Amino acid sequence: MNEQAWEKIDSLIDKNQNTTLREMFAKDPGRAARYSLEAAGWFLDYSKNRIDDEMMRALFALAESSGLKAEIEKMFTGEKINETEGRAVLHTALRNVEPDAKVFVDGRDVMPGVRSVLAAMGDFAGKVRSGEWKGWTGKRIRNIVNIGIGGSDLGPVMANIALTPYSQRDLRFFFVSNVDSTHLAETLREVAADETLFIIASKTFTTQETMSNAEAAREWLIGQLGAKEAVARHFVAVSTAAEEVAAFGIDVANMFGFWDWVGGRYSLPSAIGLSLMISIGKENYAKLLAGYHAMDVHFRTAPFERNMPVIMALLGILYANGYGAETYCCLPYDQYLSRFPAYLQQMDMESNGKCVDKSGRRVTYSTGPIEWGEPGTNGQHSFYQLIHQGTHLIPCDFIGCSRTHNPIGDLHDKLMANLFAQTEALAFGKTAEECRAEGVPEALVPFKTFEGNKPTNTLLADELTPYTLGSLVALYEHKVFTQGVIWNVYSYDQWGVQLGKVLAKGVLSDLTAKEPSARHDASTNQLIARYRKAVGRQ
Ligand code: F6P
Numbered sequence: 010m011n012e013q014a015w016e017k018i019d020s021l022i023d024k025n026q027n028t029t030l031r032e033m034f035a036k037d038p039g040r041a042a043r044y045s046l047e048a049a050g051w052f053l054d055y056s057k058n059r060i061d062d063e064m065m066r067a068l069f070a071l072a073e074s075s076g077l078k079a080e081i082e083k084m085f086t087g088e089k090i091n092e093t094e095g096r097a098v099l100h101t102a103l104r105n106v107e108p109d110a111k112v113f114v115d116g117r118d119v120m121p122g123v124r125s126v127l128a129a130m131g132d133f134a135g136k137v138r139s140g141e142w143k144g145w146t147g148k149r150i151r152n153i154v155n156i157g158i159g160g161s162d163l164g165p166v167m168a169n170i171a172l173t174p175y176s177q178r179d180l181r182f183f184f185v186s187n188v189d190s191t192h193l194a195e196t197l198r199e200v201a202a203d204e205t206l207f208i209i210a211s212k213t214f215t216t217q218e219t220m221s222n223a224e225a226a227r228e229w230l231i232g233q234l235g236a237k238e239a240v241a242r243h244f245v246a247v248s249t250a251a252e253e254v255a256a257f258g259i260d261v262a263n264m265f266g267f268w269d270w271v272g273g274r275y276s277l278p279s280a281i282g283l284s285l286m287i288s289i290g291k292e293n294y295a296k297l298l299a300g301y302h303a304m305d306v307h308f309r310t311a312p313f314e315r316n317m318p319v320i321m322a323l324l325g326i327l328y329a330n331g332y333g334a335e336t337y338c339c340l341p342y343d344q345y346l347s348r349f350p351a352y353l354q355q356m357d358m359e360s361n362g363k364c365v366d367k368s369g370r371r372v373t374y375s376t377g378p379i380e381w382g383e384p385g386t387n388g389q390h391s392f393y394q395l396i397h398q399g400t401h402l403i404p405c406d407f408i409g410c411s412r413t414h415n416p417i418g419d420l421h422d423k424l425m426a427n428l429f430a431q432t433e434a435l436a437f438g439k440t441a442e443e444c445r446a447e448g449v450p451e452a453l454v455p456f457k458t459f460e461g462n463k464p465t466n467t468l469l470a471d472e473l474t475p476y477t478l479g480s481l482v483a484l485y486e487h488k489v490f491t492q493g494v495i496w497n498v499y500s501y502d503q504w505g506v507q508l509g510k511v512l513a514k515g516v517l518s519d520l521t522a523k524e525p526s527a528r529h530d531a532s533t534n535q536l537i538a539r540y541r542k543a544v545g546r547q
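Just so we're aligned, residue 10 is where the sequence shown starts under our numbering, counting upward by one.
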């Protein structure tokens with residue numbers, strides 16, 4: 010990271026260290042309006058951050074010094090910025106809804122392929138929704154089981170829950186990811202084979218968890234329906250790997266493709282979103298893509314000073330690198346966004362959880378934060394105590410919608426009141442004097458005092474719709490991209506996941522081999538021996 014830019018930021022942190030948010034708001038009535046902006050259906054209020062105009066200028070200078078503008082162009086124009094895998098990073102092409110758009114990779118326009126897969130998905134989704142697509146026994150499909158993991162699961166799960174109000178309610182959706190057989194077994198208990206469609210979602214079609222579950226589901230279906238031929242009516246694939254799909258026994262006519270320039274954790278708007286399209290229909294899916302695209306255009310064209318993903322990225326970097334904050338919390342006040350924090354975890358932590366920079370040298374600063382969160386108000390009765398009065402600085406994003414899909418009495422007013430009140434309490438706290446003025450006994454004053462000065466962003470949409478969900482996801486994708494550029498790490502590979510996968514294969518053969526082996530370390534050998542004994546393989 011640029012040292013000069015950081016000298017300025019650090020000097021401003023020192024200068025402002027005794028100035029609280031309370032004081033900043035008191036002396037600047039225009040602060041809330043000045044540190045707010047709108048983009049693609051979302052309103053961001055970032056005024057409850059430890060910033061002033063000088064700090065923002067210093068942060069923008071950091072972004073400029075990292076070459077961010079040029080990096081954004083490289084991504085959108087298909088340069089191979091995922092250098093360690095030799096790939097372009099073009100999830101933005103998947104949702105480029107402009108009819109004449111052209112995006113080139115290796116001299117070839119990828120847009121005709123994108124449009125043709127979307128059309129095929131729309132056609133298939135329409136048939137399942139209408140009942141035209143029949144199972145092997147002639148019954149219509151009632152259950153859709155998506156089998157996938159990581160990016161081939163978290164996005165579809167998150168979005169299917171988020172867009173429940175737009176779903177076709179006579180279809181039921183299930184998501185099996187874990188190689189723990191319980192996940193598949195409990196799902197299969199819920200469905201009748203002759204009314205069930207399995208979507209095998211895997212970019213590589215080699216992922217152990219997905220392929221093991223897919224094979225088990227195929228055996229189950231054949232067993233239930235008594236015919237191998239039934240597989241063609243009950244299994245479709247979403248993948249980049251046609252050969253592997255065919256080898257599994259799925260007709261490639263029932264495969265929906267995507268490309269190596271779509272990272273797993275960025276693949277929701279690719280064919281990986283097939284289950285979502287079946288749920289909400291192709292018209293709503295098009296609105297989701299339009300929302301993504303609106304945020305893409307905003308990110309690519311807005312000056313940094315009015316650029317929502319850039320501002321959120323810079324604030325995150327201020328706390329991670331300027332204040333040493335190690336974690337970051339996402340708090341959606343919307344039950345439909347209950348899986349959004351889990352989805353963000355993969356997007357952010359698999360992207361920027363890197364300790365070497367682009368030249369292969371160990372970084373001397375911290376990179377991607379530990380990301381976590383739960384929907385409000387549930388989290389308030391669980392971990393907020395630590396955010397308010399603990400010893401860690403935890404910047405939070407609060408996300409809410411002004412209108413609910415489910416108005417019941419004044420519940421929504423109460424939900425939103427809690428959201429706003431939390432950001433107020435975190436920013437302004439409660440002083441010892443205020444406690445005393447309320448009559449708090451002196452002995453209790455230290456315990457009832459809230460330091461405040463805790464930074465938050467608040468994101469508000471009028472309503473959670475396909476459009477605002479798409480733009481929300483794109484907002485965070487571009488925030489993560491921006492941070493990766495400034496930290497100078499490769500955000501689009503995930504080599505760190507590989508070692509565990511390789512070792513698991515070796516351990517598996519030791520768990521199942523006839524003869525025990527002792528080729529691991531003492532601890533792992535002991536665990537393997539204990540397991541073998543318990544399952545009768547001494
Ligand atoms: O967890 C590693 C990972 O490669 C993710 O990046 C990816 O989303 C997931 O595995 C699933 O991969 P695939 O879609 O190829 O099955």
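Note that the Cβ used here is the ideal one computed from N, Cα and C, for glycine as well.
Keep in mind the model is a prediction, meaning the values are calculated, not measured.
Task: Proximity test, Cβ basis, 8 angstroms: Val511 and chain D - done: Any reference to chain D falls outside this structure, which holds one protein chain only.
- [ ] Could you work out which residue in Ser500, Val261, Gly515 and Lys542 is closest to Arg96 when comparing CA atoms only?
- [x] Ser500
Task: Local conformation of Ile1 per DSSP, three classes - done: Not covered by the structure: residue 1. The range shown for the chain is 10 to 547.
Open item on the list: Excluding the 5 residues flanking Phe184 on each side, which residues of the same chain have their C-beta closer than 7 angstroms to its C-beta?
Closed with: Asn155, Asp162, Pro165 and Val166
Open item on the list: So, with DSSP's three-state summary, where would you put Lys136?
Closed with: helix
Open item on the list: Given a cut-off of 8 angstroms on the beta-carbon distance, is the pair Tyr342 and Met425 in contact?
Closed with: yes
Open item on the list: Mapping the DSSP letters down to three states, classify Ala470 as helix, strand or coil.
Closed with: strand
Task: Tyr476 - containing alpha helix (DSSP H), residue span - done: Pro475 to Trp496
TODO: Using 7 angstroms as the cut-off, classify the Cβ of Lys212 as near or not near the heavy atoms of the ligand F6P, replying yes or no.
DONE: yes
Task: beta-carbon Glu359 near the ligand F6P non-hydrogen atom, thresh 7 angstroms - done: yes
TODO: Please find out if some non-hydrogen atom of the ligand F6P comes closer than 7 angstroms to the beta-carbon of Gln354.
DONE: no
Open item on the list: Below 7 angstroms, is the gap between the Cβ of Val126 and the nearest heavy atom of the ligand F6P?
Closed with: no
Open item on the list: Between the stretch 428-447 and the stretch 265-274, can you find at least three pairs of beta-carbon atoms closer than 8 angstroms?
Closed with: no
- [ ] Measure the beta-carbon distance from Asn187 to Glu228 and round it to whole angstroms, keeping in mind my assumption that it falls under 8 angstroms.
- [x] Actually they do not touch by this definition, with Cβ atoms about 18 angstroms apart.
Task: Closer than 7 angstroms: Val511 CB and nearest the ligand F6P heavy atom - done: no
- [ ] May I ask which residues mark the beginning and end of the alpha helix (DSSP H) holding Cys405?
- [x] Unbroken run through Cys405 is the beta strand (DSSP E), Cys405 to Cys410; no alpha helix (DSSP H).
TODO: Could you name the residues of the same chain whose beta carbon sits closer than 6 angstroms to that of Leu584, not counting the 5 residues immediately before and after it, in chain order?
DONE: This structure cannot speak to residue 584, because the chain is shown only from 10 to 547.
TODO: Check Asp519 in the structure and name its three-state DSSP category.
DONE: helix
TODO: Rank Arg370, Ile320 and Gly382 by C-alpha distance to the C-alpha of Cys338 and give the top, closest one.
DONE: Gly382
Task: Spatial distance of Val261 from Val98 (CA atoms) - done: 25 angstroms
Open item on the list: Less than 8 angstroms between the beta carbons of Met304 and Leu468, yes or no?
Closed with: no
TODO: Locate the beta strand (DSSP E) running through Val154, then write down its first and last residues.
DONE: Asn152 to Ile156
- [ ] For Ala202, collect the residues of the same chain with a Cβ closer than 6 angstroms to its Cβ; drop the 5 residues on either side in sequence, then sort them by chain order.
- [x] Leu230, Gln233 and Leu234
Task: Reference Thr376; option with closest CA among Val200, Ala322 and His401 - done: Ala322
- [ ] Taking 8 angstroms as the cut-off, decide whether the C-beta atoms of Tyr345 and Ala470 are in contact.
- [x] no
Open item on the list: Could you pull the DSSP bridge partners for Leu53 from this structure?
Closed with: Leu46 and Leu468
Task: Gly331 and Asp19 closer than 8 angstroms at C-beta - done: yes
Open item on the list: With a threshold of 6 angstroms on Cβ separation, who are the neighbours of Leu307 within its own chain once the five nearest residues in sequence on each side are excluded?
Closed with: With the sequence shown as reference, residue 307 is identified as His, and Leu is not the correct amino acid for it. Here the set comprises Ala48 and Ala49.
- [ ] Work out the CA separation of Ala538 and Ala441 for me, nearest whole Å.
- [x] 59 angstroms
- [ ] Given a cut-off of 8 angstroms, decide if Ile153 and Ser180 are closer than it, judged by their beta-carbon atoms.
- [x] Note that residue 180 is Leu in the sequence shown here, rather than Ser. Yes, these two residues count as a Cβ contact at 8 angstroms.
Task: CA-to-CA distance, Ser190 to Pro525, given in whole angstroms - done: 24 angstroms
- [ ] May I ask you to check if the CB of Ile209 is nearer than 7 angstroms to at least one heavy atom of the ligand F6P?
- [x] no
Task: Where Leu481 falls, given that 16 or more other Cβ within 10 Å makes a residue buried - done: buried
Task: Asp118 - partner residues in DSSP beta bridges - done: Phe113
Open item on the list: Check for me: the alpha helix (DSSP H) holding Thr533 runs from which residue to which?
Closed with: Ala531 to Ala543
Open item on the list: Please determine whether the Cβ atom of Ser161 lies at a distance below 7 angstroms from any heavy atom of the ligand F6P.
Closed with: yes
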